[in-house]
Amino acid sequence: MSENVDILERLTAADYQYEYGFESQIEEEVVAPGLDENIIRLISQKKGEPDWMLQWRLQAFRYWQHMSEPHWANVRYEPIDYQAISYYAAPKKVSQARSLNEIDPELRQTFERLGIPLHEQEVLAGVAVDAVLDSVSVATTFREKLQSLGIIFCSISEAIREYPDLVRTYLGTVVPPNDNFFAALNSAVFTDGSFCYVPPGVRCPIELSTYFRINARNTGQFERTLIIADEGAYVSYLEGCTAPMRDENQLHAAVVELIALKNAEIKYSTVQNWYPGDKEGRGGIYNFVTKRGLCGGENSKISWTQVETGSAITWKYPSVILKGDNSIGEFYSVAVTNHRQQADTGTKMVHVGRNTRSRIVSKGISAGYSQNSYRGLVRVNANAENARNFSQCDSLLIGDRCGAHTFPYIEVNNPTAIVEHEATTSKIGEDIIFYCNQRGLDTETAVALIINGYAREVLSKLPMEFAVEAQKLLTISLEGSVG
Amino acid sequence: MTEPLLQIRNLHASIGNKEILRGIDLDIFPGQVCAIMGPNGSGKSTLAAVLAGREDYQVTEGEIIFNGKNLLELSPEERAREGLFLAFQYPVEIPGVSTATFLKTALNELRKHRGLEPLDAMEFMSLMHERAKLVHIEPSFFSRAVNEGFSGGEKKRNEIFQLAMLEPTLAILDETDSGLDIDALRIVADGVNALRTPERAFVVITHYQRLLNYIVPDIVHVLYRGRIIKSGAKELATELEAQGYDWIKETAEAQA
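Those sequence lines, one after another, are chains B and U.
Numbering of the first sequence is given in the working numbering, commencing with residue 1 and proceeding in unit increments.
Numbering of the second sequence is given in the working numbering, commencing with residue 484 and proceeding in unit increments.
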C-alpha cells in the first residue's frame, strides 16, 4: 500500500500550470482600500448614476452593516477584512474609447491572450461578447446587429444610464439587496456587469457572452448581471472568468438575476476558471456568488449549466424560482476541485406554480486534498400541484485524500409532488489507472477519458464552441492529480 | 529454433518485505501456449502482475527480455504498446467510459506506437462487430460503461474480446477460468483458440486443469513457493488433477 501512496504523492504534486495567470501592465485607477458611504457615493458618481441608484446602493450598504458573514457552508478560510479591499479599479483609457478601435492596445492584447478578441470580424462566429476588466466593461461586440432586433446587450452601468426604467423595474426583484450578506455587499458596491433585455417574441440569434477578468491587485470584483427575456423570448448566455496568479486571496462577489416571463426561455452557462491558488493552497479567488432565476410567467424555462474548475473557494447555488405554472428549471453542474480547493455548490429549485418541473444533474470531481460539496434544496410549496423534481448527484474521487459531500434538502408541502433523488460515488484508484495503462493508455489519457465520460451529460448542455473548451479545461485542471 | 518472445532470468520479486518470486527462469516462444499451474499463494498472479508492470511489486533481482527489449525498463503502457496483454483475474469497472470509446482509444494508441494511422469510426465499428462474435458479445455491450454492472462471466468474456481487438503478441490469462460455469468456460476457450496464431504466445495461469481441456497447452510449468518446480507436456496437467498438488509439493520439499 505504501507504494500506492507514493504514486499518489508524486502525481498530485506535479505542477499544474494555470494558463491565465499573467498580469497586464495597464494603467489603472484604483481607489484606496476601505468601505464606507463615501466610497459608494464615489463609485456611483464615477459611473454617472442617477440618484435613485445611489440611494438603492446606500440602502443595501445599511442592510449589509447589520448582517454577518454566513458560515454554514462546508468551507474554511481566514476571516476577510472588508476594509482592506479596494472597491473600484478601472483601466484609465477605457472611458474615452468610443468604438472598439479606440481601446488601449495593451487592454485589447489582454483579452486576445485570453482568447477573447474584441474585433468583431475576428470574434467567434455567432457570439457577442461583453468584456469586463476589474470594475468596468471594456467592450461589447455585435451591438448594432442585436439592436436591429430590439435586443439590448450592454454593460449594466450603461443600462442604468440609458434604460433606467427597465433596470428599475427588475433590479433586485429576484435577489433583493438584503437577500444575504454577499448579495447586500454586491448591491452596495457593484461596479459593472452585463445587462440584457430580449423583447417579446424575439429569439436571440447569437450566443451572448460576458468575459470577466480580474487584473488589479487587492481589489474585489463585484459584478452584477441582469437578464430579462420578455414574453416568448429566448436567449442563451455564457459567462467566462479568469484572474492573474497571486499569493493573496481576492474576493469575487457577484449577483446574477434572470427573469423569464411567459413562454420565455433563458439558458445561462458558466465556465468558471478563476485562479484556484497554488497547490499548497496559497492565493486564489474567493468566489461567493448569488445566482438566481425567476420563471415568472407560465411555460417559462430557465436552465443553468456550470463548469466550475477555478477559485480557491466556491460558494454558489444557481437557483430557479418556478412561479409560473408549467415552468421548468434545470441545473447541470460539473464542479472540479484539486489540490486545496474547496467548493460548496449546488442549486435551489423552489416550486411555486402548478405542474412545475425541475431537473438537477450535479457531477462533483475531487482530487488532491480538496473538498467538494453538493448542497441543494428542492422545495415544493403548498399550492404547487403536480410538481416534479429529479435530482442526480454524483461524486467522483481521485485518490484518497480528498472529500466529497452531499447535502440534499427536500421540503415537500404538497402531496401530489413527485421528488426523486439519486446519488452515486465512485473512485478512480490505482486499479482503474493500472487497467487503463495495461491497455496502452498513459495515465493522463486515462483520466481525461474517464472525466469526460463522467461529465458528458453536463458538457453536452453547453453551447458547442464552449463544450470543447470546457472539456479541455477539465483535463487541464486535473493534470497530475491522479493515483 | 526461433528466438524466445519472452525470456525470464532468475526473477525475484517482493511485495513489502515479503519475497514472492524466488528465482524464475522461463522462455516463451512465438505461437506457444504455456500453462502455469500451482497451488494458491505460489506466485502465479504475482508473475502476471510483474510482467504487466504493476508498481506494488518490486523486482529485486533478475531480468526479463520481451521482443528483445528490457521489459523492466518499460512503463505498463509501453509494455502494452509493445504487445503485452494481461487478461485480468478481476477486471475493474470504469464508470462513464463506454467499451467502444475505451477500446477505440486503446487501439489507436497501439496503432500510433506501431506507426499506423488511427482507425476511423467505420473501420473500428466493423472490427468490433467481427471480433465480438468470437466471444458471443452482443453489440449492446459496446455502448455500456466498461465492465459496469457486468456479471463475472461477462467481465471475463470482455477481457478476451479486448484481447481480440488489441491483437497482442503475448497474452497472459490470469485465472480467466475462475468463476466461470462450464458454458462460459467453453466460450472463453473457443475465443482464445480462434486467436491462436504462429506469432502470438499465450501464458495461461490457472489453478485447475479444467481450462486446459479446452485450451491445450504446449508446455506446463508448475509454480510452487515462487519457483518453477516441474515442467512437462500437457499430460502433466492431467497428472496434477488426478494426484493433487501435495504430490508435487512433497517432491519439491524432498529436493530442497
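From the three backbone atoms N, C-alpha and C, an ideal C-beta is built for every residue, glycine too.
Where residue i meets chain U, residues with beta-carbon distance less than 9 Å
i                 : result
ILE432 of chain B : VAL575, GLU576, ILE577, PRO578
SER426 of chain B : GLU576, PRO578, GLY579
TYR454 of chain B : PRO578, GLY579, VAL580
Interface residues of chain U facing residue i [CB-CB closer than 8 Å]
i                 : result
ASN437 of chain B : GLY536, SER558, PRO559, GLU560, ALA563
THR475 of chain B : Within chain U, no residue comes near THR475 of chain B; the closest Cβ sits about 13 Å away, beyond 8 Å.
THR445 of chain B : THR588, GLU592
Identity of the residues DSSP links to residue i by a beta bridge
i                 : result
ALA423 of chain B : B:CYS393
ARG640 of chain U : Note: ARG640 of chain U sits in no beta bridge, so no partner.
LEU322 of chain B : B:CYS295, B:HIS351
VAL307 of chain B : B:VAL271, B:VAL334
TRP315 of chain B : B:PHE288, B:ASP344
MET648 of chain U : Paired residue(s): none; MET648 of chain U is not in a bridge.
GLU239 of chain B : B:THR210, B:THR270
THR225 of chain B : B:VAL256
GLN796 of chain U : This structure gives no information on residue 796 of chain U, because the portion of chain U shown stretches from 484 to 739.
ARG505 of chain U : U:HIS495
ILE418 of chain B : B:ARG388
Short CB-CB distance (under 8 Å) between residue i and chain U
i                 : result
SER303 of chain B : no
ASP442 of chain B : yes
ILE313 of chain B : no
GLU3 of chain B   : Per-residue confidence for GLU3 of chain B stands at a pLDDT of 37, beneath the threshold of 50, marking its modelled position as unreliable; no derived number is given.
ILE450 of chain B : yes
TYR82 of chain B  : no
GLN121 of chain B : Confidence is the limiting factor: at GLN121 of chain B the pLDDT is only 39, short of 50, which leaves the residue's position unreliable and the question unanswerable from this model.
LYS472 of chain B : no
ALA125 of chain B : Any reading at ALA125 of chain B must be qualified, since the residue scores a pLDDT of 42, below 50, and its modelled position is unreliable; the value itself is stated next. Not an interface residue.
Chain B within 8 Å of residue i, Cβ atoms only
i                 : result
ALA589 of chain U : yes
PHE585 of chain U : yes
PHE624 of chain U : no
LEU617 of chain U : no
PHE571 of chain U : yes
LEU488 of chain U : no
GLY636 of chain U : no
At what residue ranges does the stretch 18-75 of chain B contain a whole run of the beta strand (DSSP E), taking only runs of 3 or more? 28-30
Near-chain B residues of the stretch 643-671 of chain U (beta-carbon distance less than 9 Å), N- to C-terminal order: Those residues of the stretch 643-671 of chain U that come within reach of chain B (Cβ to Cβ, closer than 9 Å) are GLN645, LEU649.
Anything in the stretch 592-611 of chain U with a Cβ closer than 8 Å to a Cβ of chain B? List those residues in chain order, please. GLU592, LEU593, HIS596
Any chance you could list the alpha helix (DSSP H) runs of at least 4 consecutive residues sitting entirely within the stretch 531-592 of chain U, in chain order? 559-564
At which residue ranges does the stretch 355-387 of chain B contain complete beta strand (DSSP E) runs of 3 or more residues, listed in the order of the chain? Counting only runs of 3 or more, we get 357-366, 371-380.
What beta strand (DSSP E) runs, 3 residues minimum, are completely inside the stretch 665-703 of chain U? 684-689
Please go through the stretch 140-180 of chain B and give each complete alpha helix (DSSP H) segment of 4 or more residues, from N-terminal end onward. 143-147, 156-162, 164-170
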